[in-house]
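Colleague: Quick one: the structure is below, questions incoming.
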Amino acid sequence: MKQFTEGVYDAVVIGAGHAGCEAALALARTGNKTAIITVDLENIAFMACNPSIGGTAKGHLVRELDALGGEMGVKADEAAMQIKMLNRGKGAAVQSLRAQNDKYLYHTLMKKTLENTPNLSVKQCEAVKILTDGGKVKGVLTSFGTILECRAVVVATGVYLNGRVVAGEWEKKSGPSGFAPANELTASLIDLGFSVRRFKTGTPARLDRRTVDFSVMERQDGETEVYPFSFMSDGVPEKQEPCYITYTNAKTHEIILSNLDRSPLYNGSILSTGPRYCPSIETKVVRFKDKERHQIFIEPEGYDTNEVYVQGMSTSLPHDVQRDMYRSVKGLEHCEFTRYAYAIEYDCIDSLDLKPSLEFKKLGGVFTAGQINGTSGYEEAAAQGLIAGINASQYLKGEDPLVLRRDEGYIGVLIDDLVTKGTNEPYRMMTSRAEYRIFLRQDNADSRLTEKGRAVGLVTDERYEKFLKRKAQIAELEDKINERIPAAKAAEFVRAHGAGEVSGGISARDMIKRNIPLKDIIKEFGLFGDYPYDILERVETDAKYEGYLQKGLEQIEKARKLEEKKLPKDMDYLSIRGLRVEAREKLDAVRPENLGQASRISGVNPADIAVLMVCLKK
3 MKQFTEGVYD AVVIGAGHAG CEAALALART GNKTAIITVD LENIAFMACN PSIGGTAKGH
63 LVRELDALGG EMGVKADEAA MQIKMLNRGK GAAVQSLRAQ NDKYLYHTLM KKTLENTPNL
123 SVKQCEAVKI LTDGGKVKGV LTSFGTILEC RAVVVATGVY LNGRVVAGEW EKKSGPSGFA
183 PANELTASLI DLGFSVRRFK TGTPARLDRR TVDFSVMERQ DGETEVYPFS FMSDGVPEKQ
243 EPCYITYTNA KTHEIILSNL DRSPLYNGSI LSTGPRYCPS IETKVVRFKD KERHQIFIEP
303 EGYDTNEVYV QGMSTSLPHD VQRDMYRSVK GLEHCEFTRY AYAIEYDCID SLDLKPSLEF
363 KKLGGVFTAG QINGTSGYEE AAAQGLIAGI NASQYLKGED PLVLRRDEGY IGVLIDDLVT
423 KGTNEPYRMM TSRAEYRIFL RQDNADSRLT EKGRAVGLVT DERYEKFLKR KAQIAELEDK
483 INERIPAAKA AEFVRAHGAG EVSGGISARD MIKRNIPLKD IIKEFGLFGD YPYDILERVE
543 TDAKYEGYLQ KGLEQIEKAR KLEEKKLPKD MDYLSIRGLR VEAREKLDAV RPENLGQASR
603 ISGVNPADIA VLMVCLKK
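Per our numbering, residue 3 is the first one in the sequence shown, and the count goes up by one each step.
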């Protein structure tokens, strides 16, 4: 096949899922002529699994990428069918926004944004090879024989590389939802020096909502008194669609257990590693044999479709078993399938091949993001895509990359975990992975990251002006809650809340510290009623956790000092006396950039860090 140059670009993004979209937009918006290519234009930002954005820790990622100037939060708000705050009864650090989205509207909105972004070309084609010359990126070759010349590439291929879909005895080479796979690029990645592995994920069936009996299920409504994902959005939809909860039962479990010999997960048909924190229903039944039932959510896929998503019943069992299994569930006795569930295997890389900037260690100008890095989830993908796009742009400009520390964002935790610890299974972000999570709340993402987004050129003037206004409102309210209320007015109120006695007056800040809700203070004294909900919540949370925040700052400062101690790129760890053998091997494999990163490598202990500190002083 004759090859020819179709266009000359600064950067090419391979893949148009959630990672690819953010990467391409970041590159184009920072002034780089960019092409984004995908095997099918209809899979742009497609929600192949759950049609939702956010959730535990994932909501934090979306707010952070929004604060940096990313797009997912904006589109999640526009396409939201329902939105609510999870873990409402727990502390602010673990509360997370979650939106049920119209998957088709989300795709349409993102596709429209890509098509109308200056400096960005959207193309349908399959990448088969990354071209290099003299150790530098030269371009991308497509299956059509066309060459897209470029100086930087972001690989964001999702689950499409050598995709294999399986359900019982049936299998097919395919991407998700029947989209074509990408079968040739893996060989090119191996030639470049990437270590490639196989992971697995899956999705449940879709049902015709007209055949579901919602009357026997538990209704779950959204919330209107909650802030949206994007700091640019005005609010959340007043009219929201309900979701429903039902449960598996003994009959469901019996059907599953009696057909394990036909399950690809248990009969050897699937050997790749699946996600620990989003297991199939057969895995849940086998792993938790003492559990009488498992929760199932019935969720709408869009306003203009009758399809509903059955969260919690992901499976790769044969279609006939799926039919019996689903129909054993209360409310699904007469359900009709629009799409059966399946598992999908795909190629991904070892994330230890990457620098903290998400650039490939062995070849400058190649960045990777999303499920190709071994992660699971739209939000994890989008966060990586944004950082990969930013750093590809920084690379093209000859400027330092943006690397977020673990105390600066969940995005920093996510990427540091990947490039420092690696992963042997699809990685999912959780609040428990963040040691500084009391600092990394959803409500303060703009304070932590907007200035960084501004510095790399992604935060617009409009967004920045809104940020400065919000910052001023927070500072103003911080001062106001320090004003003292006379004891004569406050004593009985405080006493009624079981918060002790008052003498000489008390401030709203002190009342918050005594666990009196700010909304009760506002109602009683008529104060602060002219501030938006999100501002009130932010200031209340900071006041409530003030003592913990001060203590945490000391830990952060200690960690920062280690991060500042850079390690030579050419350090010969294998020859350093005093290091244990395991530490030598792990340090040589990861090649940490500083002592902080070195201290987080599995198998490297404090004694090893002490040895490295001695080496740096020589």
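From the three backbone atoms N, C-alpha and C, an ideal C-beta is built for every residue, glycine too. Only a predicted model underlies this, so the values are computations on that prediction, with no experimental measurement involved.
Let me make sure I understand the geometry here. Which of Met74, Thr119, Leu107 and Phe181 has the alpha-carbon closest to that of Asn45?
Modeller: Out of Met74, Thr119, Leu107 and Phe181, Phe181 has the C-alpha closest to the C-alpha of Asn45.
Colleague: Spell out a yes or no on whether the segment 93-106 and the segment 303-323 are touching, meaning 3 or more CB-CB pairs, one atom from each, closer than 8 Å.
Modeller: Output reads yes: the segment 303-323 touches the segment 93-106.
Colleague: Is the segment 64-76 in contact with the segment 146-165, if contact means three or more CB pairs nearer than 8 Å?
Modeller: In short, these stretches do not touch, since the Cβ pair count stays below three.
Colleague: Have a look at Val405, Lys92, Val124 and Gly387 and flag the residue whose alpha-carbon is nearest the alpha-carbon of Ile440.
Modeller: If we check each option's Cα against that of Ile440, Lys92 comes out closest.
Colleague: Give the straight-line distance between the Cα atoms of Lys35 and Ser235, rounded to the nearest whole angstrom.
Modeller: For Lys35 and Ser235, the distance between alpha carbons rounds to 28 Å.
Colleague: Out of curiosity, what's the CA-to-CA distance linking Glu284 and Lys521?
Modeller: If you take the alpha carbons of Glu284 and Lys521, they lie about 45 Å apart.
Colleague: With DSSP run on the structure shown, which of helix, strand or coil describes Tyr305?
Modeller: Correct three-state label for Tyr305: coil.
Colleague: Return the CA-CA distance between Arg408 and Asn596, expressed in angstroms with no decimal places.
Modeller: About 14 Å.
Colleague: Would Arg153 pass as an interface residue toward chain C - the criterion being a Cβ-Cβ separation below 8 Å?
Modeller: No chain C is part of this structure, which consists of one protein chain only.
Colleague: Is the beta carbon of Thr422 less than 8 Å from the beta carbon of Gln599?
Modeller: Yes.
Colleague: Within the continuous beta strand (DSSP E) that includes Asp210, where are the two ends?
Modeller: Per DSSP, Asp210 belongs to the beta strand (DSSP E) from Arg208 to Asp210.
Colleague: Do Ala169 and Ser318 have their C-beta atoms closer together than 8 Å?
Modeller: In this structure, Ser318 lies closer than 8 Å to Ala169 by Cβ.
Colleague: Around the Cβ of Ala254, are there at least 16 other Cβ atoms within 10 angstroms (buried) or fewer (exposed)?
Modeller: A small fix is needed here, since residue 254 is Thr in this sequence, not Ala. Buried, by the Cβ-count rule.
Colleague: Measuring alpha carbon to alpha carbon, tell me which residue in Leu143, Leu29, Ile85 and Ile514 is nearest Ser123.
Modeller: Checking every option, the nearest Cα to that of Ser123 belongs to Leu29.
Colleague: Can you name the start and end residues of the alpha helix (DSSP H) that Phe495 belongs to?
Modeller: Looking at the DSSP string, the run of the alpha helix (DSSP H) that includes Phe495 is Ala489 to Ala498.
Colleague: Using the Cβ count rule (16 or more neighbours within 10 Å means buried), how would you classify Leu273?
Modeller: Per the 10 Å Cβ criterion, exposed.
Colleague: May I ask you to verify whether the segment 558-571 touches the segment 583-597, counting CB pairs closer than 8 Å and requiring at least 3?
Modeller: In short, these stretches touch, since the Cβ pair count reaches three.
Colleague: Measure the beta-carbon distance from Tyr535 to Glu227 and round it to whole angstroms, keeping in mind my assumption that it falls under 8 Å.
Modeller: Between Glu227 and Tyr535 the Cβ distance is about 7 Å, and since that is below 8 Å, they are a contact.
Colleague: Which one of Lys473, Thr340, Arg435 and Ser434 has the shortest CA to CA distance from Glu453?
Modeller: That would be Lys473, whose Cα lies nearest to the Cα of Glu453.
Colleague: Please confirm if the segment 383-393 is in contact with the segment 357-366, defined as three or more CB-CB distances below 8 Å between the two stretches.
Modeller: With the cut-off at 8 Å, the segment 383-393 and the segment 357-366 touch.
Colleague: If you check the beta carbons only, do Arg562 and Leu576 fall under 8 Å apart?
Modeller: Contact: no.
Colleague: Please say whether Ile578 and Val613 have beta carbons closer to each other than 8 Å?
Modeller: Closer than 8 Å, so yes.
Colleague: At what residues does the beta strand (DSSP E) containing Arg166 begin and finish?
Modeller: Segment Arg166 to Ala169, the beta strand (DSSP E) holding Arg166.
Colleague: On the DSSP letters alone, give me the boundaries of the alpha helix (DSSP H) that Phe469 sits inside.
Modeller: Its alpha helix (DSSP H) spans residues Asp463 to Lys482.
Colleague: Nearest-angstrom Cα distance between Thr134 and Lys140?
Modeller: So the two alpha carbons sit approximately 5 Å from each other.
Colleague: Would Lys174 and Ala345 qualify as a contact pair, given that the criterion is a beta-carbon distance under 8 Å?
Modeller: Cβ atoms of Lys174 and Ala345: not closer than 8 Å.
Colleague: Do Gln444 and Gln97 come within 8 Å of each other at the CB atom, strictly closer than that value?
Modeller: Yes.
Colleague: At what residues does the beta strand (DSSP E) containing Val130 begin and finish?
Modeller: Start and end: Ala129 to Asp135.
Colleague: Work out the CA separation of Thr58 and Arg435 for me, nearest whole Å.
Modeller: Roughly 12 Å between the two C-alpha positions.
Colleague: What residue range does the alpha helix (DSSP H) around Lys525 cover?
Modeller: Counting along the chain, the alpha helix (DSSP H) containing Lys525 begins and ends at Leu520 to Phe527.
Colleague: Given a threshold of 16 other Cβ atoms within 10 Å of its Cβ, counted over all protein chains shown, does Arg100 qualify as buried or as exposed?
Modeller: Flag for Arg100 reads buried.
Colleague: Can you have a look at Leu555 and say buried or exposed, based on whether 16 or more other CB atoms are within 10 angstroms of its CB?
Modeller: Leu555 is exposed by the Cβ-count criterion.
Colleague: Thinking C-beta only, is Val155 closer than 8 Å to Ile39?
Modeller: Cβ atoms of Ile39 and Val155: not closer than 8 Å.
Colleague: Alpha carbon to alpha carbon, what distance is there between Arg295 and Ala252?
Modeller: Rounded to the nearest angstrom, the two C-alpha atoms are 7 Å apart.
Colleague: Do Thr213 and Glu338 have their C-beta atoms closer together than 8 Å?
Modeller: A contact, by the Cβ cut-off of 8 Å.
Colleague: Is DSSP giving Ala154 helix, strand or coil here?
Modeller: Strand at Ala154.
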